[in-house]
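Under this note's numbering, the first residue of the sequence shown carries the number 73, and numbering increases by one thereafter. Note that beta-carbon positions come from the ideal geometry of N, C-alpha and C, so glycine has one too. Fair warning: this is a prediction, and the values are worked out from it, not measured in the lab. The structure under discussion appears below in the form of structure tokens.
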Amino acid sequence: MEKNNKHAVVVFSGGQDSTTCLFWALEKFERVELVTFDYNQRHSLEIEVAREIAEDQGLKHHILDMSLLNQLAPNALTRTDIEVENAEEEGELPNTFVPGRNLLFLSFATILAKQINAKHIITGVCETDFSGYPDCRDIFTKSLNVTLNLSMDEDFVIHTPLMWLDKAETWEMADGLQVFDYIREKTLTCYNGIRGAGCGECPACQLRQRGLDQYLARRQEANQ
């Protein structure tokens with residue numbers, strides 16, 4: 073695959089989705105840097121995992137302080153004394169939703185991109201398998217892309233390679249990129265801070281495992 077000669081920034085948490093996006097970006101761009109946000113999230117291990125993967129891949133890694141988000145948006149991902157729970161009623165947001173998180177992350181990632189002369193920002197948001205977070209929707213990222221370009225008079229492109237994929241298809245993408253085992257073993261998706269397969273009980277682990285089981289079943293059927 074011929075690579076784009078431009079510079080890209082991946083919004084990176086060290087989880088399944090952002091790590092899949094990282095390897096997608098490495099296939100498409102000659103130069104890739106990572107940005108991780110420290111907002112005093114529930115598990116600091118998330119930042120450590122992101123740092124380890126960045127070092128393993130030999131990539132420049134920016135860690136930005138976003139602790140103000142923790143003060144403004146108390147919820148299950150910013151407070152250890154709040155239990156992670158799914159939404160009780162249809163249409164209700166789960167208590168893991170951090171208001172403004174992707175708005176701020178993408179805005180600051182784009183400001184960073186301007187400073188390092190990068191035009192491409194990659195994020196792992198997804199509208200297919202998600203918890204109803206409004207800032208994971210395609211219309212949000214497209215709208216923000218326009219706003220950021222107007223605000224800085226630039227032509228940035230926000231890429232969302234997972235937007236229309238379910239979790240099984242995200243695993244399939246990882247397999248196609250030849251990093252299936254790497255992502256399965258080294259990433260941290262679990263809300264309870266357990267890397268790899270995780271705790272198996274929190275909503276993030278259940279979604280990840282369900283997608284993995286579906287993909288493995290499809291792969292086995294295709295190989296028969």
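Taking 8 Å as the upper bound for CB-CB distance, Val83 and Thr195 are in contact here, some 5 Å apart. A direct Cα-to-Cα measurement between Cys262 and Glu293 gives close to 28 Å.
Rounded to whole angstroms, Leu117 and Asp225 show a C-alpha spacing of 37 Å.
Taking each of Gly270, Asp128, Arg123 and Phe95 in turn and checking the Cα distance to Leu136, the smallest one comes out for Arg123. CA-to-CA, the gap between Glu120 and Glu127 works out to about 11 Å.
Per DSSP, the continuous beta strand (DSSP E) segment holding Asp110 begins and ends at Phe101 to Asp110. In the structure shown, Val82 adopts extended strand secondary structure according to DSSP, grouped into three states. The same chain holds no residue with a CB closer than 6 Å to that of Glu273 once the five nearest residues on each side in sequence are set aside. Put simply, of Ala80, Thr92 and Ser139 the residue whose alpha carbon is nearest the alpha carbon of Glu244 is Thr92. For the options Trp236, Ile230 and Val218, the alpha carbon positioned closest to that of Glu199 is the one of Trp236.
For Val218, the uninterrupted alpha helix (DSSP H) run begins and ends at Asp210 to Met224, by DSSP. Burial is judged here by how many other beta carbons sit within 10 angstroms of a residue's own beta carbon; Ala289 has fewer than 16 and is exposed. Excluding sequence positions up to five before and after Glu257, its CB lies within less than 7 Å of the CB of Gly268, all in the same chain and listed in chain order. Distance from the CA atom of Gly270 to the CA atom of Leu260, rounded to whole angstroms, is 7 Å.
Under the DSSP assignment, Leu117 falls in the alpha helix (DSSP H) whose first and last residues are Leu117 to Gln129. Asp285: member of the alpha helix (DSSP H) spanning Pro275 to Asn295, first to last residue. By the beta-carbon neighbour count (other beta carbons within 10 angstroms, threshold 16), Gly248 is exposed.
Assignment of Leu178 by DSSP, reduced to helix, strand and coil, places it in the helix class.
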